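Student:
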Amino acid sequence: MSDFLKRPRLPAGIDGSRLDLWEEFHRQPFGKHSPDLQALLDYMRGGPITGKYFLKLTGPHSEWTLARFSDTFPLNTETLPEHVFTSIEDAEFFVFRRRWEEMFGADPGAEA
Amino acid sequence: MNVKAAVMGYADRQSVRPGEPIEFKVSSVGPQTYRVDIVRLIAPEVGLGDDCPDFKEIELDTPVCSDYPTEWQPIHPGSAVRVPLSDGLPLRKGITLSANVFPTLLSAGRQGIVGTYCATDDSGVSLILEDGALALAVGRGDSTAIVTSSISVIEHRWTAVAVTYEPGTGTVEFHAAGLERQRLEVELSSRERLEEAAPGSTGSGNLYIGAARAVDDRGVEHTDACFNGRIERPRVYARTLDREDIGALSAVAGPTAVEDAFADWDFSIGIDTESVTDVSGNGRHGETVNLPSRAVGGSNWAGQTDNWQQGTEQYGAIHFHDDDVDDARWCTTFTLVVPDDWRSGCYAARLRADDAEFYVPFVVRAASGKESDVVLLLSTATYGAYANLRLRVVFPWNELIHGRLTVLDDTDLLMLRFPEIGGSTYDSHTDGSTVVYSSMRRPVTNFRPKGRIYKFCQDLLLVSWLEEDGYDFDVITDEDVHREGLAALEPYRVVISSSHPEYTSTEMFDATEEHVRQGGRMMYLGGNGWYWRIGYHPTRSGIVEVRRPDAPRLWAADVSQGHLSFSGERAGTWSWAGRPPQTFLGVGFITQGFDECSYYRRTVASNDERAAFIFQGVDDELIGDFGLLMGGAAGYEIDRADALMGTPRHALVLASSEGHSNLYDLMVTSLVDSLPPTNPDDPDRIRADMVFYESPGGGAVFSVGSIAWSGSLSHARYDNNVAAVSRNVLNRFLDPQPFRMPSE
Chain A
1 MSDFLKRPRL PAGIDGSRLD LWEEFHRQPF GKHSPDLQAL LDYMRGGPIT GKYFLKLTGP
61 HSEWTLARFS DTFPLNTETL PEHVFTSIED AEFFVFRRRW EEMFGADPGA EA
Chain B
1001 MNVKAAVMGY ADRQSVRPGE PIEFKVSSVG PQTYRVDIVR LIAPEVGLGD DCPDFKEIEL
1061 DTPVCSDYPT EWQPIHPGSA VRVPLSDGLP LRKGITLSAN VFPTLLSAGR QGIVGTYCAT
1121 DDSGVSLILE DGALALAVGR GDSTAIVTSS ISVIEHRWTA VAVTYEPGTG TVEFHAAGLE
1181 RQRLEVELSS RERLEEAAPG STGSGNLYIG AARAVDDRGV EHTDACFNGR IERPRVYART
1241 LDREDIGALS AVAGPTAVED AFADWDFSIG IDTESVTDVS GNGRHGETVN LPSRAVGGSN
1301 WAGQTDNWQQ GTEQYGAIHF HDDDVDDARW CTTFTLVVPD DWRSGCYAAR LRADDAEFYV
1361 PFVVRAASGK ESDVVLLLST ATYGAYANLR LRVVFPWNEL IHGRLTVLDD TDLLMLRFPE
1421 IGGSTYDSHT DGSTVVYSSM RRPVTNFRPK GRIYKFCQDL LLVSWLEEDG YDFDVITDED
1481 VHREGLAALE PYRVVISSSH PEYTSTEMFD ATEEHVRQGG RMMYLGGNGW YWRIGYHPTR
1541 SGIVEVRRPD APRLWAADVS QGHLSFSGER AGTWSWAGRP PQTFLGVGFI TQGFDECSYY
1601 RRTVASNDER AAFIFQGVDD ELIGDFGLLM GGAAGYEIDR ADALMGTPRH ALVLASSEGH
1661 SNLYDLMVTS LVDSLPPTNP DDPDRIRADM VFYESPGGGA VFSVGSIAWS GSLSHARYDN
1721 NVAAVSRNVL NRFLDPQPFR MPSE
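Those sequence lines, one after another, are chains A and B.
Residue 1 is where the first sequence starts when you use the working numbering, and the numbers rise one by one after that.
Residue 1001 is where the second sequence starts when you use the working numbering, and the numbers rise one by one after that.
#1: Would you say VAL1672 of chain B reaches chain A, if we count a Cβ-Cβ gap shorter than 8 Å as a contact?
#2: With a threshold of 16 other CB atoms inside 10 Å of the CB of VAL1559 of chain B, please say whether the residue is buried or exposed.
#3: Give me the Cβ distance between VAL1114 of chain B and VAL1236 of chain B, rounded to the nearest whole Å; I'm assuming they're in contact under 8 Å.
#4: Beta-carbon within less than 8 Å of LEU1462 of chain B's beta-carbon, same chain only, minus the 5 sequence neighbours each way: which residues are those?
#5: How do the region 27-38 of chain A and the region 54-72 of chain A stand: do at least 3 beta-carbon pairs fall below 8 Å, yes or no?
#6: With a 10 Å radius around its C-beta and 16 neighbouring C-beta atoms as the bar for buried, classify PRO1538 of chain B as buried or exposed.
#7: Taking the alpha carbon of VAL1494 of chain B as the reference point, which residue from B:MET1523, B:VAL1475 and B:PRO1501 has its own alpha carbon closest?
#8: Should the region 1589-1599 of chain B be regarded as contacting the region 1630-1649 of chain B, the criterion being three or more beta carbon pairs within less than 8 Å?
#9: Going along the chain, which residues of its own chain have a beta-carbon closer than 7 Å to the beta-carbon of LEU1486 of chain B, five neighbours each way excluded?
#10: Buried or exposed, going by whether 16 or more other CB atoms sit within 10 Å of the CB of GLY1141 of chain B?
#11: Could you tell me whether any Cβ in chain B is nearer than 8 Å to the Cβ of VAL84 of chain A?
#12: Using the Cα positions of GLY1139 of chain B and ARG1294 of chain B, report the straight-line distance between them to the nearest angstrom.
#13: By Cβ distance below 8 Å, which residues in the same chain neighbour ARG7 of chain A in space, the five residues on each side in sequence not counted?
#14: In the region 1582-1598 of chain B, which residues sit with their C-beta less than 7 Å from some C-beta in chain A, listed in chain order?
#15: So if I threshold CB-CB distances at 9 Å, which residues from the region 1396-1410 of chain B count as touching chain A?
#16: Going along the chain, which residues of its own chain have a beta-carbon closer than 8 Å to the beta-carbon of ALA1367 of chain B, five neighbours each way excluded?
#17: Which residues share a DSSP beta bridge with VAL1125 of chain B?
#18: With respect to the beta strand (DSSP E) encompassing CYS1457 of chain B, which residues constitute its N-terminal and C-terminal limits?
#19: Would GLY1286 of chain B and VAL1101 of chain B be called neighbours here (beta carbons separated by less than 8 Å)?
#20: Tell me ARG1082 of chain B's beta-bridge partners as DSSP assigns them.
#21: Do MET1008 of chain B and LEU1336 of chain B have their C-beta atoms within less than 8 Å of each other?
#22: CB-CB under 8 Å to ARG1740 of chain B, same chain, minus the five flanking residues each way: which ones, in chain order?
#23: With distance defined between alpha-carbon atoms, name the residue in B:PHE1267, B:THR1223 and B:PRO1491 nearest to ALA1214 of chain B.
#24: So, is the C-beta of THR77 of chain A closer than 8 Å to a C-beta in chain B?
#25: Could you have a look at PRO1742 of chain B and say whether DSSP puts it in helix, strand or coil?
#26: Indicate whether at least one CB of chain A lies closer than 8 Å to the CB of ASN1388 of chain B.
#27: GLU92 of chain A versus chain B: which residues are under 8 Å apart at the beta carbon?
#28: Do you know whose CA, among B:TRP1301, B:HIS1319, B:ILE1318 and B:ALA1317, lies nearest GLY1311 of chain B's CA?
#29: Counting contacts by CB-CB distance shorter than 8 Å, is TRP100 of chain A in contact with chain B?
#30: Specify the secondary structure class of ASN1398 of chain B as computed by DSSP and reduced to three states.
#31: Please list, in chain order, the residues of the region 30-45 of chain A that have any C-beta partner in chain B closer than 8 Å.
#32: So, helix, strand or coil for SER1670 of chain B, using DSSP?
#33: Where does PRO1361 of chain B sit, in a helix, a strand or coil, going by DSSP?
#34: So GLY53 of chain A packs on LEU1405 of chain B, CB below 8 Å; how close in whole Å?
#35: Since GLU89 of chain A is in the beta strand (DSSP E), which residue starts that stretch and which ends it?
#36: With distances taken from CA atoms, which of B:GLU1399, B:ARG1329, B:HIS1660 and B:PHE1626 is nearest ARG1218 of chain B?
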């Protein structure tokens, strides 16, 4: 298949100050999102496959371990056994926070 | 060093009747032995929640259940044409090798064009590409000489290439000329010399076009140094042609350009076969290996037709890929003869080595004359089209379009560890062109009762529901219907579709529609059904062909490929062929999204007395606002009714879904591109419709238009309105009392 879908751009005005987007995602990780949250998610999720997070299914649809693709081709994978989840939502929250921190330099879910 | 255990396998067919044999081919690494068991599959592994049935498989006692010694069986991907040539190429008067080439991946390194060169025993001679330059490979018995020219060919351009070689003097001359119409190319030539004496013989094995030859340590001959791109009209002369003659060789049509060819292969003959014809009169015919793509435009394709049957002379090219694989060609490990007393259902060979596990599912059909009234039609054509869906693993946008983190398990990741098992018709070859043939005759990582709840794994939710409710039912496959037509369905009053019967051959469409026309009943309990037209390989089971000329974003577009090679039929969606799924199912695919599923809201029409049996005992206005697949019965991929697309005028739209997420909009506008931009809040566009209609012959169709429907059946231990509606429909559909058309 042609690689037609380029990484979406992050619209202006979405930056580390928009903690409302984290709060919205935390309230409802799936389903309808505000336009700004959808744009942020599309940007986060649309990154290159190299180095990308995914979930390794380690229990029958009941346990997921964080994993990453290698930084170079040919692709390999590495599981991160210190990050095991028993809910998909928790895994989504973890990766969202980590990507946010990589983009904006701070953990949006850190205790104030 | 310990090798991580892996075991993989496949069967020679997906459907078998009692008393018939089915062969299994297994390859493994790691421990000294692996275990084989045969199981009947009752319920898939879907999780531990309240909505989830327990995983259930029944181990069966058969002679093949045993420990087997570990044995690695390699796969040799890469397509070519193989020509039997036991005496090698005659060299006494020198030799000329020529072809028109359209290379698509020069970075792939050494790539064979035509000849007998074999790296295993350093024999033979071949015209090759060496890092993009024309070159000659000459085997000397104990070493190989590569004579490289100063001529580099250009990627994605047609070039006529030739080499002459005089063993006596060691003189090698290369020639090249661009063939692109409307372009003026410089003709290039290069004269080189082979410094040391060459062998007098040029190989005793087969000649290959689009590859070189090799032999593995089991003695199995296979393709090597595979070409990526198209080759047209390869020729061999048992003498060195002069420059004027070589200039005439690029002509692709008509009789042999220069007389006395040793061989002259015209790929425009037998496009719908695996045969390759030598038109020199010397009978050096060949056959394709690993199904390279035929029915593709050649150097003379003029843009006037996309149908290879109308402009056959313009389709004299074959597109070869170094990752084509139509059959792993493993030795049979064990053969199961299905006992006469096994009931029809879904079965599998379960392979285990340490913590590695692999399933090879198959269907046991009912013995002839002992059919039930109900049959579950497993969508093996769709399983084939999606077999080894690599994009779910390696494409960067998978997470984006699914709106969730990608979840993979060890079996999915076999596609990274063993890339030679190949991809699906959603994947690209290494040169970026789209896979058009997909085979079940190789290990398939996404045909199993575990892992992602999709396709076969999800279809077992229908099996578990039918088992739980105590229905007698049989199972057949798409390919059974394709091969046998209506006869495969005639014993049955009710056909239940699988959850995602996306790919349909003409034979399948005709048979299922005719079944209803003659009084049969269709329960379409899925979504995105009867969407793409596919072709089945005319003689070999388990191989499907898909081309998508009407979906350029899903298809690395080549506008010459408008028709299937297997059948010659127009390729693409059934709508593109003038036969939208709405004309049969009442609904047709509209969009998809995998982040969240929704529910149906009943319409006024659900109170129509024609539909009373469907909602008997169901008072809820919302149907399916629960389920193990993202929380609802309406989702994943959804279909709607559309009068303009052929939904029968008397069809009742009983319920419609609503409230789908943003992702459903994204899929319509960005991936499938079948509609103008849509607003997900617009209920007129983004919805699944539940539809019922009667057929003139006393039959009927009930459609839910949603893949996720079956994920809601098991909610509250099968006591819910999705199961109730399904049960009501099935019970009435089992009643032989004919349905009456509303006008009667």
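The beta carbon of each residue, even a glycine, is placed where N, CA and C say it ideally should be.
Here the structure is a predicted model, which means the values were calculated and not measured.
Tutor: This is what the structure holds:
#1: Looking up residue 1672 of chain B in the second sequence gives position 672. Residue placement at VAL1672 of chain B is flagged as unreliable, the pLDDT there being 45, under the threshold of 50; a coordinate-derived value is accordingly withheld.
#2: Within the second sequence, residue 1559 of chain B is the residue found at index 559, counting from 1. When all chains shown are included, VAL1559 of chain B counts as exposed.
#3: The residue given as residue 1114 of chain B occupies position 114 in the second sequence. The residue given as residue 1236 of chain B occupies position 236 in the second sequence. Rounded, the Cβ-Cβ distance is 7 Å, consistent with contact.
#4: Position 462 of the second sequence holds residue 1462 of chain B. Excluding positions up to five away in sequence, the list reads LEU1376, ILE1496, SER1498, SER1499, LEU1525, SER1710 and LEU1713.
#5: no
#6: Indexing the second sequence from 1 puts residue 1538 of chain B at position 538. Exposed, because fewer than 16 other Cβ atoms sit within 10 Å of the Cβ of PRO1538 of chain B.
#7: Counting from 1 along the second sequence, the entry for residue 1494 of chain B is found at position 494. For the residues B:MET1523, B:VAL1475 and B:PRO1501, the minimum Cα distance to VAL1494 of chain B belongs to B:MET1523.
#8: yes
#9: As a working mapping, residue 1486 of chain B is identified with position 486 in the second sequence. Once the five neighbours on either side are set aside, the close Cβ partners of LEU1486 of chain B are ALA1511, GLU1514 and HIS1515.
#10: Your numbering for residue 1141 of chain B matches position 141 in the second sequence. So GLY1141 of chain B ends up on the exposed side.
#11: Along the first sequence, read from residue 1 onward, the residue named residue 84 of chain A stands at position 84. No, no contact with chain B.
#12: As a position in the second sequence, residue 1139 of chain B is number 139, starting the count at 1. As a position in the second sequence, residue 1294 of chain B is number 294, starting the count at 1. Their Cα atoms are separated by approximately 31 Å.
#13: Position 7 of the first sequence, counting from 1, holds the residue named residue 7 of chain A. TYR43, GLY46, GLY47 and PRO48.
#14: ASP1595 and GLU1596
#15: PRO1396, TRP1397, ASN1398, GLU1399, LEU1400, ILE1401, HIS1402, GLY1403, ARG1404, LEU1405, THR1406, VAL1407, LEU1408, ASP1409 and ASP1410
#16: The residue given as residue 1367 of chain B occupies position 367 in the second sequence. ARG1017, PRO1018, GLY1019 and ASP1340, listed in sequence order.
#17: Here residue 1125 of chain B refers to the residue found at position 125 of the second sequence. Looking at the DSSP assignment, VAL1125 of chain B forms a beta bridge with B:VAL1138.
#18: As a position in the second sequence, residue 1457 of chain B is number 457, starting the count at 1. First-last for CYS1457 of chain B: 1456-1468, but that is the alpha helix (DSSP H), not the beta strand (DSSP E).
#19: The sequence position of residue 1286 of chain B within the second sequence is 286, counting from 1. The sequence position of residue 1101 of chain B within the second sequence is 101, counting from 1. No, these two residues do not count as a Cβ contact at 8 Å.
#20: Translated into the one-based positions of the second sequence, residue 1082 of chain B becomes position 82. B:TYR1208 and B:GLU1287.
#21: The count along the second sequence starts at 1 and reaches residue 1008 of chain B at position 8. The count along the second sequence starts at 1 and reaches residue 1336 of chain B at position 336. Not in contact: MET1008 of chain B and LEU1336 of chain B (Cβ atoms no closer than 8 Å).
#22: Looking up residue 1740 of chain B in the second sequence gives position 740. Same-chain partners within the cutoff: GLU1694 and GLY1698.
#23: Here the question's residue 1214 of chain B lines up with position 214 in the second sequence. Nearest option by C-alpha distance: B:THR1223.
#24: Your numbering for residue 77 of chain A matches position 77 in the first sequence. For THR77 of chain A, the answer is yes, since a Cβ of chain B falls inside 8 Å of its Cβ.
#25: Mapped onto the second sequence, residue 1742 of chain B falls at position 742. The answer is coil: DSSP assigns PRO1742 of chain B none of H, G, I, E or B.
#26: Locating residue 1388 of chain B in the second sequence gives position 388, counting from the first residue. Not one chain A Cβ lies under 8 Å of ASN1388 of chain B.
#27: Along the first sequence, read from residue 1 onward, the residue named residue 92 of chain A stands at position 92. Ordered by position in chain B, the residues that pass the 8 Å Cβ test against GLU92 of chain A are ARG1404 and LEU1405.
#28: Translated into positions along the second sequence, residue 1311 of chain B becomes position 311. Here the closest residue by C-alpha is B:TRP1301.
#29: Here residue 100 of chain A is taken as the residue at index 100 of the first sequence, counted from 1. So, not an interface residue.
#30: Residue 1398 of chain B sits at position 398 when you count from the first residue of the second sequence. The answer is helix: DSSP assigns ASN1398 of chain B an H, G or I state.
#31: PHE30, GLY31, LYS32, HIS33, GLN38, LEU41, ASP42 and ARG45
#32: The sequence position of residue 1670 of chain B within the second sequence is 670, counting from 1. Confidence at SER1670 of chain B is low in this model, with a pLDDT of 43, below 50, so its placement is unreliable and the value that follows should be read with caution. In the structure shown, SER1670 of chain B sits in a helix (DSSP, three-state: H, G or I).
#33: Looking up residue 1361 of chain B in the second sequence gives position 361. The answer is strand: DSSP assigns PRO1361 of chain B an E or B state.
#34: For the purposes of this step, residue 53 of chain A is identified with residue 53 of the first sequence, where counting begins at 1. For the purposes of this step, residue 1405 of chain B is identified with residue 405 of the second sequence, where counting begins at 1. The sequence shown places Tyr at residue 53 of chain A, not Gly. TYR53 of chain A to LEU1405 of chain B, Cβ: 7 Å. Contact.
#35: Along the first sequence, read from residue 1 onward, the residue named residue 89 of chain A stands at position 89. It is not in any beta strand (DSSP E) - GLU89 of chain A instead sits in the alpha helix (DSSP H) that spans 88-104.
#36: Residue numbering aside, residue 1218 of chain B sits at position 218 when the second sequence is read from its first letter. Cα-wise, what sits closest to ARG1218 of chain B is B:ARG1329.
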